[in-house]
Structure formats: C-alpha cells, structure tokens
Amino acid sequence: MITLPFLLVSWLALSVPPTAPLVGDVPDQVIALNTSTSTLYFTIGDAETSFSALVVTATSSNPALVPNAAANLALGGANAQRTLVVTPANGAAGSATITLTVTDAQALTATSAFTLTVTQPNTPPTITGPNGPQIVRPGEAPPAVSFTVGDVETAASALTVVATSSNTALVPNANLTLGGSGSNRTVQATPVAGVRGSSVLRLRVSDASGAIAQTEVVFAVFDPASTNAAIRQPSGLYVLDSDQGTLVNGVSMRDANLRALPFVDGYVLRTAWATLEPTDGVFDFTIVDNLIGALPAGQSLSLIVGSGTLPAWLTSLPGITTWTGGTPPVTAPIPWDPIAQERHRLLLEALANHVVDGAPFRDHPRLAAFNAGIPGLKSGIRDPEVRIRDMPGYTRANLETAVLTHLAHVSDAFPTTPVHIGFWTFVDGQDATHGGLTPWEELRQAILANFDGVARPRIGFWMENLAANRPGAEVDPWTGLPNTSFSAPLFLSQDAAYVGYQMLGSWARPFNSAHVDNDLNGSPEDGMEYGFDAFQCRYFEVYVADVDFANYAPELQRWHDLLLALPASPGNATGGAFCTGDGASAACPCGNAGSAGHGCANSAFAAGAQLGGAGAARVLGDTAVLTALNLTGSTCVFFQGDAQAPPLAVDDGLGCVTGSVVRLGTKPIASSASSFPGAGDPAISVRGAIPATGGTRYYQCFYRNAVATFCPPATSNRTNGLVVTWVP
Numbered sequence: 000m001i002t003l004p005f006l007l008v009s010w011l012a013l014s015v016p017p018t019a020p021l022v023g024d025v026p027d028q029v030i031a032l033n034t035s036t037s038t039l040y041f042t043i044g045d046a047e048t049s050f051s052a053l054v055v056t057a058t059s060s061n062p063a064l065v066p067n068a069a070a071n072l073a074l075g076g077a078n079a080q081r082t083l084v085v086t087p088a089n090g091a092a093g094s095a096t097i098t099l100t101v102t103d104a105q106a107l108t109a110t111s112a113f114t115l116t117v118t119q120p121n122t123p124p125t126i127t128g129p130n131g132p133q134i135v136r137p138g139e140a141p142p143a144v145s146f147t148v149g150d151v152e153t154a155a156s157a158l159t160v161v162a163t164s165s166n167t168a169l170v171p172n173a174n175l176t177l178g179g180s181g182s183n184r185t186v187q188a189t190p191v192a193g194v195r196g197s198s199v200l201r202l203r204v205s206d207a208s209g210a211i212a213q214t215e216v217v218f219a220v221f222d223p224a225s226t227n228a229a230i231r232q233p234s235g236l237y238v239l240d241s242d243q244g245t246l247v248n249g250v251s252m253r254d255a256n257l258r259a260l261p262f263v264d265g266y267v268l269r270t271a272w273a274t275l276e277p278t279d280g281v282f283d284f285t286i287v288d289n290l291i292g293a294l295p296a297g298q299s300l301s302l303i304v305g306s307g308t309l310p311a312w313l314t315s316l317p318g319i320t321t322w323t324g325g326t327p328p329v330t331a332p333i334p335w336d337p338i339a340q341e342r343h344r345l346l347l348e349a350l351a352n353h354v355v356d357g358a359p360f361r362d363h364p365r366l367a368a369f370n371a372g373i374p375g376l377k378s379g380i381r382d383p384e385v386r387i388r389d390m391p392g393y394t395r396a397n398l399e400t401a402v403l404t405h406l407a408h409v410s411d412a413f414p415t416t417p418v419h420i421g422f423w424t425f426v427d428g429q430d431a432t433h434g435g436l437t438p439w440e441e442l443r444q445a446i447l448a449n450f451d452g453v454a455r456p457r458i459g460f461w462m463e464n465l466a467a468n469r470p471g472a473e474v475d476p477w478t479g480l481p482n483t484s485f486s487a488p489l490f491l492s493q494d495a496a497y498v499g500y501q502m503l504g505s506w507a508r509p510f511n512s513a514h515v516d517n518d519l520n521g522s523p524e525d526g527m528e529y530g531f532d533a534f535q536c537r538y539f540e541v542y543v544a545d546v547d548f549a550n551y552a553p554e555l556q557r558w559h560d561l562l563l564a565l566p567a568s569p570g571n572a573t574g575g576a577f578c579t580g581d582g583a584s585a586a587c588p589c590g591n592a593g594s595a596g597h598g599c600a601n602s603a604f605a606a607g608a609q610l611g612g613a614g615a616a617r618v619l620g621d622t623a624v625l626t627a628l629n630l631t632g633s634t635c636v637f638f639q640g641d642a643q644a645p646p647l648a649v650d651d652g653l654g655c656v657t658g659s660v661v662r663l664g665t666k667p668i669a670s671s672a673s674s675f676p677g678a679g680d681p682a683i684s685v686r687g688a689i690p691a692t693g694g695t696r697y698y699q700c701f702y703r704n705a706v707a708t709f710c711p712p713a714t715s716n717r718t719n720g721l722v723v724t725w726v727p
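Heads up: the sequence shown at position 301 corresponds to 300 in numbering that gives the first Met the number 0, and the numbers run straight through without jumps.
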C-alpha cells in the first residue's frame with residue numbers, strides 16, 4: 000500500500016522545479032603581449048547537483064586572440080573553488096570576452112563573463128602605500144595620507160588614479176579627495192558627520208595602455224569613549240580548528256589548523272564535555288594543555304566547550320531529566336535540570352583550576368575568550384536547531400533561570416576572561432501572555448540586566464552566520480549577512496554586550512550551494528567590514544581555507560592591523576598600537592619603514608618588530624603578557640612609561656615612551672620572539688607599580704640588530720609602542 004504521506008512528499012518533490020546553478024564573476028583583466036593571466040579564481044554551486052558533478056566550460060568571443068582550446072583556456076580547481084588561466088595566441092593583441100558556463104545535472108546553466116585586454120609590450124604601473132589603517136574619532140578631520148605611483152613607460156604625471164569607497168554611507172566617493180602630483184600622491188577621506196564604522200578605500204592607478212594596479216586601505220571612524228568600547232571583549236582574527244590533529248590516546252587534539260601567520264591573532268579550539276570528562280568525575284584536559292603548548296608565539300586561545308557531544312554517563316545519572324530532539328536526534332538533559340547544571344559547574348570549576356604553565360587555567364595570559372555553550376542545547380540559544388519550546392517543563396521562567404545560572408557559573412569560574420554565548424531568535428507561541436514580548440527579547444533583557452558590568456561582568460553574544468556577497472567581482476556595494484532581524488539579539492545589544500562572529504563558511508572553499516550564494520563574489524574582508532560596521536564586532540572566527548588562500552592574505556592583514564590599532568578595551572592587554580614605524584607617525588631613521596602597526600624594519604624582517612599583548616590588564620587578577628615578534632639579536636628589554644612623547648629617532652627605530660620609565664625586564668629571544676612576564680617574573684602590574692585604581696601606561700621593547708652594518712652606524716632598534724589601559 001502507498002500511504003498518503005508518501006504520495007504527498009512525492010508530489011511535492013515533483014512540483015518543486017530545480018534551480019539553476021551559480022557561478023562567480025572574474026574581474027576584467029589587462030595583460031601584456033605574449034603573457035598569460037595569473038590564476039583566476041571563481042566559485043560554483045547548485046542546490047541539487049554536487050560540486051563534482053557540475054560541468055564548467057570557458058569560451059572566447061575572439062578566437063584569433065584567445066583560441067577556444069584547453070591550452071588557451073585552462074580550467075582547474077575542485078569542488079566549489081574553480082580556476083582559469085587564459086593564454087592568448089602568441090603575438091596577438093586586442094580584446095576578448097571570456098564566458099564561463101556551469102551546467103548542472105538537469106542541464107540548467109549559469110554564466111558569467113569578463114573582458115580580457117591584451118596590450119602591446121607594457122609594464123603595469125605600481126602603487127605603494129598608504130601604510131596601515133587610518134582611524135579617526137567622530138568629528139575629527141582626517142589628514143591626507145600619502146602614496147606613490149610609478150610606471151616604466153608612462154610618466155608619473157600622466158598616470159590616472161581613481162579612488163572609491165566600499166561604504167558610501169560613511170565615505171561617499173565624492174568625499175575622497177585626490178591630491179599631489181607626479182609620483183607623490185595623496186588621498187583624503189571626509190566621513191559623513193555622525194556616522195561611525197569603516198570603509199575600504201580602493202586606490203587604482205592606470206597607465207596609458209590601460210594596465211592597472213591597485214591597493215586598499217581601511218579607513219575607520221571609531222569612538223574610544225563609546226559604550227561598546229568600554230566593554231571587556233576579545234579582538235582579532237582567530238582560526239577555526241577542525242577534527243584533524245595530533246592523536247593522543249586515540250583522541251584528536253584538533254590542532255591541525257594552527258598557523259603562524261602575521262595576521263592571525265589566535266586559535267579557536269572547539270571541544271566537548273565528553274572529551275573533558277569522559278568518565279564521571281575524572282577530568283582530562285590534555286586537549287587544552289596540548290593547544291596552549293602548540294600555539295604560535297603571540298597568539299591566544301579562544302575556547303568553545305560545546306555540549307553537543309555529551310558524556311555517556313551524564314544522561315544515566317539518577318534523577319536527571321532528559322529529552323530527545325534536534326537534527327539529528329540527540330538525547331540530552333534539559334537546560335534547567337539542576338543535576339546537569341551542577342555537574343557542568345563542577346566541570347567549569349575543575350577546568351578553571353587546572354594548572355597550565357604553573358598557573359590556574361583561568362588566569363592563563365593566552366586565554367582570550369570562553370564560549371561554554373549551554374548544557375542541553377547545542378550552539379547556544381538557538382531555534383530550530385533545538386525546538387526549545389518542545390522540551391519537557393519548558394516555561395520562559397525556567398529557561399531564563401537556566402541561562403542566568405549557567406552564565407553565572409561561567410563568569411564565576413573565569414572572572415577575568417571575556418565570556419560569550421550563542422544567541423539566535425526563537426519562538427514559543429506565548430507572546431500574547433507576556434505583553435507581546437518574544438521569548439528571545441525577554442531573555443535578552445534579563446541577561447543584560449544581570450550582567451551589567453557592575454553586579455557581574457558584561458558578556459558577549461555570538462553567532463556563526465557572518466557572510467557577504469557582491470553583485471559582481473569588485474563591484475560595490477557588498478551585502479552583508481545575517482540581516483539585523485535574524486541577528487536581532489546581537490544587533491540590539493551591541494552597546495551592552497560585545498558581539499562575536501564566526502564566518503558562515505569559507506569564501507575560498509564553500510561547503511555547500513547556500514554558502515556559494517551567500518558569499519558569491521565577496522570575500523572575508525566584506526564580511527568583517529559588515530560585522531564591524533553594523534555590530535561593532537571586533538572578534539572574528541575565520542576558516543582555515545580562507546587563511547591559507549594567498550589572495551586573501553592582504554585583506555586579512557589589513558583587518559588584523561585595524562583591530563590591533565584600535566584602543567584596547569578595559570581589562571584587555573591587546574590593542575592600542577602607537578609610535579609605529581610605518582610612516583604614519585614619523586619617518587624611520589634611514590628610510591627603513593616597517594609594516595602597519597610594527598616598528599621600523601630591522602636586518603631580518605622588513606615588516607619590523609611588533610609588540611602586542613594578551614590577557615587581562617587588571618590590577619586585581621593581572622594576567623597580561625607582552626609579546627614581541629620579528630626580533631633579531633639575543634635579548635629584548637621590555638620597558639614601561641606613564642607618558643608618551645612625539646616619535647624620536649633612536650638608533651634604527653623610534654622611541655615614544657617617556658615620563659616615569661620602568662625597566663620591566665630583559666628577556667631572551669627565541670624563534671624571533673620574546674615575552675614578559677615569563678616563568679618566575681612578577682606580573683606587569685607589580686613590576687610596573689600600577690596603582691590600585693588603574694591607569695594608562697605605554698610599552699616598548701628594545702633589541703639589537705643582528706647585522707652591524709644595517710642602517711649604519713646604529714645597531715639597535717625598537718618595536719612599536721603599545722598603550723594599555725589598566726583597570727582596578
């Protein structure tokens with residue numbers, strides 16, 4: 000017998016028409032005679048057809064210039080990320096339209112096209128600078144920033160420069176003023192009054208033959224006196240782990256995605272209750288110890304202890320109340336079960352007191368953020384991942400009490416660490432009996448009232464859904480996701496709770512067709528700009544495929560530099576770079592400019608040494624650590640001042656720390672890095688005699704160049720400066 004549900008499902012399957020595939024755009028290309036394009040990347044996807052079953056073809060509108068042959072239109076790549084290299088016929092010049100076509104299993108197609116222009120022998124122009132992000136306060140008049148252009152065949156005065164803004168609500172294109180002449184040019188951005196946020200300014204130079212070069216700089220209006228800026232919060236770009244890694248007793252340590260790259264600020268380790276407490280009352284924190292020991296120098300840990308994989312013994316405890324739900328179905332305790340809550344509190348307490356590097360884990364200077372999930376839920380407060388309203392005993396009061404109790408347990412166990420939870424909207428059909436309030440809004444208000452920065456530290460709200468797409472390759476404006484309705488708990492709370500975002504997926508290697516659609520023609524920079532502008536987000540979790548994709552390295556570096564240069568939030572040592580050797584504050588002694596946010600270049604690192612920090616800059620509960628990277632020589636001298644002076648050339652670097660100067664300590668350099676405090680050293684607040692009331696202090700590190708002839712006759716250098724605001 001064929002049942003009615005079967006017939007209904009079959010009819011629905013037949014009645015829904017298949018959708019056409021998707022294909023990303025490639026920017027127009029200009030190359031010189033007898034050369035090929037670089038590897039051009041684009042993404043494809045389809046709702047019904049697997050990535051591997053999609054067929055991609057490329058055709059040329061001008062076969063005399065680009066023959067329609069595999070050698071001239073070389074397709075490559077795999078899954079969602081595909082590639083094309085175009086090689087014109089030898090000796091041929093002109094233009095051709097290259098069309099990319101993707102065909103799915105239903106013979107539906109999608110196309111995109113770009114123009115290839117082949118010029119006579121010509122060297123493309125060059126553009127250098129501006130160095131580093133430009134950050135201004137509301138109402139502050141931004142100065143013009145300098146950059147240089149050049150070309151082998153075209154006089155510098157004949158080069159054309161065009162400036163555009165990715166966020167015209169902040170900086171309209173008409174508010175970009177180009178100046179200068181010849182090789183030395185300037186651009187000045189005038190933001191719209193009363194608007195904060197960021198914009199990526201694109202500077203594009205073209206020569207007489209149409210060849211182009213471009214660079215980008217991040218411009219931001221940031222108010223250090225804003226309510227959000229006063230919230231303790233993590234900041235930076237953190238690489239997401241995977242289930243791959245070192246095996247210890249058959250358990251993956253999830254460390255395969257560690258990357259020692261200059262734009263990576265830390266690592267997101269996702270582990271489960273079952274891993275940390277495999278046997279009732281027996282804790283195993285090997286995965287945490289391993290990760291802390293494996294972290295590259297200068298990077299921090301963001302820890303997620305999710306409750307998706309629960310220990311087998313938990314649901315068998317006498318008296319515990321469980322339910323089965325979700326997709327796929329999982330049996331778990333209900334969030335308001337007191338037995339589960341108490342057992343989770345004991346787990347948090349044991350983890351917080353676990354000794355790592357001679358100190359309790361809760362005080363470890365490299366612990367930057369903690370997401371402890373919620374027992375009985377998966378990624379946090381989320382519907383329909385788990386239909387909260389279907390749980391036995393659900394009431395708004397029960398859920399509210401459970402969440403507040405859980406957050407209290409986490410913040411008590413980790414009092415100096417920024418804590419966040421996943422928070423999505425959800426429904427329960429009870430709005431009418433609660434004054435029209437949705438359940439998520441009622442819960443949001445309760446959380447903010449209880450974690451107000453006075454009675455308890457403020458917490459953060461986090462989501463996994465950050466994405467952005469564009470109508471075409473390099474075509475402004477981008478469209479960011481999630482919209483502010485879907486992400487309402489985060490959007491509405493940004494002045495009372497910090498916001499953290501995990502990328503929806505990888506732009507370079509999308510996981511499915513929905514991700515291709517949401518991120519089509521966009522990039523991680525677009526997503527981070529949206530998160531920063533709409534939510535004041537300063538903490539981003541990035542997929543390793545995007546971190547490893549070389550084309551994204553410049554934009555990830557730009558956003559690392561911006562986030563590092565923002566004033567530090569209270570209770571966090573990281574942030575607040577000043578006295579940089581990138582030309583933004585003063586010229587380095589012998590033209591040895593470094594990269595944005597770094598010191599002046601040294602004999603081994605053209606970027607220059609970089610001083611950063613991690614941990615909590617709190618007089619009571621000080622876990623702050625200063626870390627200097629890209630060092631040469633054998634030792635680094637860390638010092639602190641209570642004032643800053645205009646940049647002054649000191650040997651090969653710049654000095655800005657002044658006032659009452661304290662020599663914190665001389666530390667050895669290993670693998671081009673050094674940190675203070677180390678084992679046996681007093682805390683920075685103790686060595687630096689920070690008053691009980693806190694205050695602002697300034698830090699640098701002095702080191703020697705390994706090559707005496709570098710920038711003669713001096714042989715020493717300094718990192719950038721770091722300003723830290725200490726709280727009681």
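From the three backbone atoms N, C-alpha and C, an ideal C-beta is built for every residue, glycine too.
Nearest-angstrom Cα separation, counted from residue 705 out to residue 466: 44 Å
Entirely within the stretch 179-203 and at least 3 residues each: give me those beta strand (DSSP E) ranges in chain order. 183-188
For the alpha helix (DSSP H) containing residue 534, list its first residue and its last residue. 523-534
Limits of the alpha helix (DSSP H) - the one that residue 287 falls within: 285-293 is the span of the alpha helix (DSSP H), which, as asked, contains residue 287.
Determine the contact status of residue 665 and residue 634, defining contact as a CB-CB distance below 7 Å. yes
Segment contact flag, the stretch 412-428 with the stretch 472-480, C-beta cutoff 8 Å, min 3 pairs: no
Can residue 234 and residue 538 be called in contact, C-beta distance under 7 Å? yes
In angstroms with no decimal places, state the Cα-to-Cα distance between residue 259 and residue 300. The straight-line gap from Cα to Cα measures roughly 13 Å.
Do residue 543 and residue 79 come within 7 Å of each other at the CB atom, strictly closer than that value? no
Cβ distance (whole Å) where residue 298 is taken to contact residue 355 below 8 Å: With a Cβ gap of about 15 Å, residue 298 and residue 355 do not count as contacting.
For residue 709, report the span of its beta strand (DSSP E) as first-last. Residue 709 -> no beta strand (DSSP E), and no H or E assigned at all.
Under the three-state reduction of DSSP, which class applies to residue 686: helix, strand or coil? helix
Which residues in the same chain have their Cβ closer than 6 Å to the Cβ of residue 189, if we skip the five residues on either side of it in sequence? 174
Determine which residues share a DSSP beta bridge with residue 635 and list them. 666, 702
Answer with buried or exposed for residue 565, where buried requires no fewer than 16 other C-beta atoms within 10 angstroms of its C-beta. When all chains shown are included, residue 565 counts as buried.
Using only the heavy atoms of the ligand ATP, determine whether one of them is closer than 6 Å to the beta carbon of residue 724. The ligand ATP is absent from the structure shown, which contains no ligands of any kind.
Report yes if the C-beta distance between residue 199 and residue 215 is below 7 Å; otherwise report no. yes
Between residue 659 and the rest of its own chain, which residues show a CB-CB distance below 6 Å, the 5 nearest in sequence each way excluded? Cβ-Cβ distances below 6 Å link residue 659 to 641 in the same chain, with the five nearest sequence neighbours on each side left out; the list follows chain order.
I'd like to check one pair, residue 493 with residue 556: are the Cβ atoms closer than 7 Å? no
Helix, strand or coil: how does DSSP classify residue 697 here? strand
Cβ of residue 202 within 7 Å of Cβ of residue 162? yes
May I have the straight-line CA-CA distance separating residue 58 from residue 102, to the nearest angstrom? 14 Å
Whole-Å CB distance - residue 50 paired with residue 25, under 8 Å assumed: The pair is not a contact, with the Cβ atoms about 18 Å apart (cut-off 8 Å).
Outcome for residue 728 when other beta-carbon atoms lying within 10 angstroms are tallied against a minimum of 16: This structure does not reach residue 728, given that the chain is present from 0 up to 727, and the question cannot be answered.
Residue span of the alpha helix (DSSP H) that contains residue 156, given as start and end: From DSSP, residue 156 is part of no alpha helix (DSSP H); its letter is neither H nor E.
Find the nearest neighbour of residue 550 within the set 29, 662, 37, judged by alpha-carbon distance. 37
Look at residue 637 and residue 675 and say whether their C-beta atoms are less than 7 Å apart. yes
Work out the CA separation of residue 527 and residue 413 for me, nearest whole Å. Cα to Cα, the separation comes out at about 28 Å.
Just mark residue 142 as buried or exposed, buried being the case when its beta carbon has 16 or more other beta carbons within 10 Å. exposed
Distance check for residue 373 and residue 308, CA to CA, integer angstroms please. Cα-Cα distance, rounded: 12 Å.
What residues in its chain sit with their C-beta under 7 Å from that of residue 183, if we drop five residues either side in the sequence? 145, 147
Pairwise C-alpha distance: residue 133 and residue 582: 12 Å
Tell me whether residue 571 is buried or exposed, calling it buried when 16 or more other Cβ atoms sit within 10 Å of its Cβ. Residue placement at residue 571 is flagged as unreliable, the pLDDT there being 46, under the threshold of 50; the coordinate-derived value follows with that caveat. Buried, because 16 or more other Cβ atoms sit within 10 Å of the Cβ of residue 571.
Flag this pair as yes or no: are the beta carbons of residue 379 and residue 421 separated by less than 7 Å? yes
Please report the distance separating the alpha-carbon of residue 283 from that of residue 275. 5 Å
Is it right to say residue 5 is buried, meaning 16 or more other beta carbons lie within 10 angstroms of its own, or is it exposed? At residue 5 the pLDDT is 44, less than 50, meaning the model places this residue with poor confidence; the figure from the coordinates comes in the next sentence. When all chains shown are included, residue 5 counts as exposed.
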